[in-house]
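Protein chains: 2
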Amino acid sequence: MLPTNTAERLCKIYGILQMIKKDSGYVSSKELASMMGTTDFTIRKDISALNLVSFGRRGYHIGELSSVLGKALQLSRPYRSCIVGLGRLGSALLDYESFRGDGFDIVAGFDSNINKIERIRTQIAVYPVSELDQVVKNKSIEVGIIAVPHNSAQEVATTLVKSGVKGILNFSPAQIKVPSEVVLYNMDFTSALRFVVSQI
Amino acid sequence: MLPTNTAERLCKIYGILQMIKKDSGYVSSKELASMMGTTDFTIRKDISALNLVSFGRRGYHIGELSSVLGKALQLSRPYRSCIVGLGRLGSALLDYESFRGDGFDIVAGFDSNINKIERIRTQIAVYPVSELDQVVKNKSIEVGIIAVPHNSAQEVATTLVKSGVKGILNFSPAQIKVPSEVVLYNMDFTSALRFVVSQI
DNA sequence: GACTTATCGTGAATTTATTCACAGAAAGAG
DNA sequence: CTCTTTCTGTGAATAAATTCACGATAAGTC
Chain Z
-17 MLPTNTAERL CKIYGILQMI KKDSGYVSSK ELASMMGTTD FTIRKDISAL
33 NLVSFGRRGY HIGELSSVLG KALQLSRPYR SCIVGLGRLG SALLDYESFR
83 GDGFDIVAGF DSNINKIERI RTQIAVYPVS ELDQVVKNKS IEVGIIAVPH
133 NSAQEVATTL VKSGVKGILN FSPAQIKVPS EVVLYNMDFT SALRFVVSQI
Chain H
-17 MLPTNTAERL CKIYGILQMI KKDSGYVSSK ELASMMGTTD FTIRKDISAL
33 NLVSFGRRGY HIGELSSVLG KALQLSRPYR SCIVGLGRLG SALLDYESFR
83 GDGFDIVAGF DSNINKIERI RTQIAVYPVS ELDQVVKNKS IEVGIIAVPH
133 NSAQEVATTL VKSGVKGILN FSPAQIKVPS EVVLYNMDFT SALRFVVSQI
């Protein structure tokens, strides 16, 4: 398996490639590095972990690198995802343009507040959170995005895991626990802001 | 200065302490570890970087640890912050409860769309983005939160830096560049989702 | 007060990540 | 076709982070 930091950077690279795809056909490690705020040898080292066959001309062929990365990171097919918690943040995520057409199928939203569900205007099907388990199973949802308040985050996570979700992106400030075979990534805004301040 | 990873974990610890403050007066490295998904010795090592004078009874005194952390991470005073871009995400952040009363003063919001500014219902003062420079200076804002689309992120960042902001939390998927004395932290949702999937 | 238990602090060992330096490969120029 | 330039790929060197092992310290118990 890819080293954690390498995998994280490769995801960024993949994102950049998607954005510049229209531009000229090649990109160098130096260009990527400057776009990402790292160094060229870090990029090369990371990419070398993919044992990409192509080599030394005017950099990496964007299409080729993109497809190799897609395979290595398992991004070549869309993943069925759902968002739990349709408060301000959750509904913002529901319609987040960057997800759409970018390899992620947000196929459902959930909220505990029935009234809220009726009010929401979106293309995506929304359900009461009581149907979470059932809908996740029926739609074979693989990734859950948690955007509920911190006091119900663990409960939601537990249900998601039981229903067969394989990865969770947690936007709540709660520190949730999942079995080791489930991938968990935390995006805690408050913690991030604190980190920024601590480094000032 | 604290090692990066240590600082990041200490921020998490600080957050946890704020949440459990009401509970019993002590917390052990093992308890913290299990709440954060690390090990007890990592916690102890991290905390040892603070050269905390207290030691070995029933764990750390929550109040004491919290105050030492607050000092070390510079979190003991509130930081004046602003949010640029009041789309769905930006306005969600404007009213994010966790920021409020948690050491962050969101004192202004900005958007390029005048109509949107008039529509927004919030306690916080909102301005057209053309006044960004002026307002940041006048209100001595120290931290900028970027929630604009990726094609204007760099421009906003440049203005923020010019106006004297010392830290930036970037929610746009753009890879922005700032001078090395300015702290930058990226929260790229798409990249995070990709990372989750890549680890599945 | 002695014994037991729980916990910390930290130097040393290990693992992981980053950085460097340079050989080798292609493209462009003349 | 040869020279020059620009890149890549990667082994070796450094640096950083994590893990381990264990002595030491307090609190609780009897």
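Chains as they are written, first to last, in my numbering: chain Z, -17 to 182; chain H, -17 to 182. For glycine and all other residues, C-beta sits at the position ideal for the given N, C-alpha and C.
Boundaries (first-last residue) of the alpha helix (DSSP H) holding residue i
i	result
residue -13 (chain Z)	-14 to 2
residue 143 (chain Z)	132 to 144
residue 99 (chain Z)	96 to 101
residue 45 (chain Z)	44 to 54
residue 32 (chain H)	Residue 32 (chain H) -> no alpha helix (DSSP H), and no H or E assigned at all.
residue 13 (chain H)	11 to 18
When the options are compared against residue i, the one with the closest alpha-carbon
i	options	result
residue 41 (chain H)	H:15, H:151, H:171, H:103	H:15
residue 149 (chain Z)	Z:155, Z:174, Z:122	Z:122
residue 173 (chain Z)	H:-5, H:107, H:34, H:179	H:-5
residue 182 (chain Z)	H:164, H:169, H:177, H:179	H:164
residue 160 (chain Z)	Z:133, Z:147, Z:171	Z:147
residue 180 (chain H)	Z:85, Z:104, Z:133, Z:102	Z:85
residue 55 (chain Z)	Z:-14, Z:132, Z:135, Z:83	Z:-14
residue 191 (chain Z)	Z:132, Z:108, Z:175	Past the boundaries of the shown model lies residue 191 (chain Z); chain Z is included only from -17 to 182, so the question cannot be answered.
residue 2 (chain Z)	Z:43, Z:33, Z:144	Z:43
residue 61 (chain Z)	Z:74, Z:0, Z:162, Z:87	Z:87
residue 183 (chain H)	Z:145, Z:57, Z:116, Z:-3	Absent from the structure is residue 183 (chain H), since the part of chain H shown begins at -17 and ends at 182.
residue 0 (chain H)	H:95, H:169, H:76, H:48	H:48
residue 39 (chain H)	H:100, H:8, H:73, H:97	H:8
residue 91 (chain Z)	Z:83, Z:134, Z:74, Z:31	Z:74
residue 178 (chain Z)	H:124, H:134, H:135	H:124
residue 77 (chain Z)	Z:104, Z:176, Z:32	Z:104
residue 120 (chain H)	H:10, H:145, H:106, H:158	H:145
residue 89 (chain H)	H:96, H:81, H:95	H:81
residue 162 (chain Z)	Z:140, Z:169, Z:176	Z:140
residue 97 (chain H)	H:12, H:135, H:-12, H:69	H:69
residue -12 (chain Z)	Z:13, Z:30, Z:135, Z:11	Z:30
residue 83 (chain Z)	Z:95, Z:110, Z:59	Z:59
Start and end residues, beta strand (DSSP E) containing residue i
i	result
residue 65 (chain H)	61 to 66
residue 72 (chain Z)	Per DSSP, residue 72 (chain Z) belongs to no beta strand (DSSP E); it is in the alpha helix (DSSP H), 70 to 76.
residue 57 (chain Z)	From DSSP, residue 57 (chain Z) is part of no beta strand (DSSP E); its letter is neither H nor E.
residue 182 (chain Z)	Looking at the DSSP string, residue 182 (chain Z) is not in any beta strand (DSSP E), and its letter there is neither H nor E.
residue 92 (chain Z)	86 to 93
residue 183 (chain Z)	Absent from the structure is residue 183 (chain Z), since the part of chain Z shown begins at -17 and ends at 182.
residue 165 (chain Z)	165 to 168
Own chain partners of residue i with C-beta closer than 8 Å, once the 5 adjacent residues on each side are dropped
i	result
residue 167 (chain H)	149, 150, 151, 152
residue 142 (chain Z)	66, 114, 118, 126, 128, 150
residue -9 (chain H)	18, 20, 24, 25, 28
residue 51 (chain Z)	-8, -5, -4, -1, 32, 57
residue 34 (chain Z)	42, 46, 47, 50
Neighbourhood of residue i by C-beta, 7 Å cutoff - its chain only, sequence neighbours within 5 removed
i	result
residue 130 (chain Z)	66, 67, 138, 154
residue 132 (chain H)	154, 155, 156
residue -17 (chain Z)	none
residue 135 (chain Z)	128, 152, 154, 156, 158
residue 196 (chain H)	Residue coverage of chain H in this structure runs from -17 to 182, which leaves residue 196 (chain H) outside it and unanswerable.
Proximity test, residue i beta-carbon vs the ligand ADP heavy atom, cut-off 7 Å
i	result
residue 28 (chain H)	This structure does not include the ligand ADP; it has no bound ligands of any sort.
| said: Please identify, using Cβ separations under 8 Å, the residues of the stretch 152 to 174 of chain Z that lie next to chain H, in order along the chain. | reply: Result list: 155, 157, 159, 165, 166, 167, 169, 170, 171, 172, 173, 174.
| field | Positions along the stretch 41 to 56 of chain Z whose CB lies within less than 7 Å of some CB in chain H | value | Within the stretch 41 to 56 of chain Z, the qualifying residues are 55, 56.
| query | Of all the beta strand (DSSP E) runs that stay within the bounds of the stretch 99 to 128 of chain H, which reach a length of 3 or more residues? | reply | The qualifying runs are 108 to 110, 125 to 128.
| Positions along the stretch 76 to 109 of chain H whose CB lies within less than 9 Å of some CB in chain Z | Those residues of the stretch 76 to 109 of chain H that come within reach of chain Z (Cβ to Cβ, closer than 9 Å) are 76, 77, 78, 79, 80, 81, 84, 85, 86.
| request: Pull out every residue of the stretch -5 to 11 of chain Z whose Cβ sits closer than 8 Å to any Cβ of chain H, in chain order. | output: Cβ contacts with chain H: -4, -3, -2, 1.
| request: Could you please tell me which residues of the stretch 60 to 76 of chain Z, in chain order, have their CB closer than 8 Å to any CB of chain H? | output: So the list reads 61, 63, 69, 70, 71, 73, 74, 75, given in the order they occur along the chain.
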